């Protein structure tokens, strides 16, 4: 169980990055519940509805306006860092970076596809979390650029919870989420809140789906006061980025 701290939600800014095509979906209902509850608590909430925005999912040289440094051997990380520094990233990227800069909490709402986020949401991560803006070699993990921000996953599955257990056919959900929660969020410095997982809502009665949404509404009352998940801090690692052994 996550413990909660007393925290005034008034004036806090929340960004919801949302990826579902249907307004009648459970994901849409979860997104709407978050907007309603957090707004009522005094938060300013912005929603990036990726499908409605027709957000470009591929990270390419087209994300940079003007000339690139090396067109013959294009390196996305290096080129977008230079473009970010020069103010030459495309408008769709800079707008999402603005939202992220202003946010205290980022919620990613989506249906799980192939054990990860939908392609359009992965494209958001690839294109918005650019080198320089979201991380550097010196500023990552516990010393990351977004260490004063919180992020979390909120998603639906197609499988029952038991199938994502240590003994389940799909394996431990904590392992499934490691690349997202550690490899992206924690890497950029975010304090990562425990995921909100809606287990197989399409396979349960409507009453059960209603109970799921009520649980989400209740959790949001104290969401920003939850303690984040624990990750190994950088000062516990050696020069090879392995945990130091005390002999």
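Residue numbers (the working numbering): 172 to 418. C-beta: ideal position from N, C-alpha, C; glycine also. Predicted model only: the values in this text are computed from it and were never measured.
By the Cβ criterion, the stretch 204 to 222 is not in contact with the stretch 235 to 243, since fewer than three pairs of Cβ atoms, one from each stretch, lie closer than 8 Å. Around the beta-carbon of residue 321, 16 or more other beta-carbon atoms lie within 10 Å, marking it buried. Non-local C-beta neighbours of residue 335 in its own chain, meaning closer than 6 Å and more than five positions away in sequence, comprise 341 and 344, ordered along the chain. Within the stretch 217 to 291, the runs of beta strand (DSSP E) that reach at least 3 residues and sit entirely inside it are, in chain order, 276 to 282. Within the stretch 337 to 395, the beta strand (DSSP E) runs of at least 3 residues that lie entirely inside it are, in chain order, 367 to 369.
In the three-state scheme derived from DSSP, where H, G and I count as helix and E and B as strand, residue 335 is classed as helix. For residue 326, the enclosing beta strand (DSSP E) begins and ends at 321 to 327.
In the DSSP annotation of this structure, the continuous segment of the beta strand (DSSP E) that includes residue 186 starts and ends at 184 to 189. Under the three-state reduction of DSSP output, residue 197 falls in the helix class. Residue 357 is positioned such that its CB atom lies no closer than 9 Å to that of residue 284.
Rounded to whole angstroms, residue 256 and residue 303 show a C-alpha spacing of 8 Å. For residue 368, the closest alpha carbon among the candidates 273, 333, 355 and 353 is that of 333.
By the C-beta criterion, the stretch 186 to 205 is judged to be in contact with the stretch 264 to 283, since at least 3 inter-stretch pairs fall below 8 Å. Remark: C-beta atoms of residue 279 and residue 324 approach each other more closely than 9 Å.
By the beta-carbon neighbour count (other beta carbons within 10 angstroms, threshold 16), residue 246 is exposed. Burial state of residue 349 is exposed, judged by a 10 Å Cβ sphere holding fewer than 16 other Cβ atoms.
Taking C-alpha positions only, residue 406 is separated from residue 309 by approximately 13 Å. In chain order, 235 and 260 place their CB closer than 6 Å to the CB of residue 254, counting only its own chain and leaving out the 5 sequence neighbours on each side. A distance below 9 Å separates the beta carbons of residue 295 and residue 190. Within 10 angstroms of the beta-carbon of residue 298 lie 16 or more other beta-carbons, which makes it buried.
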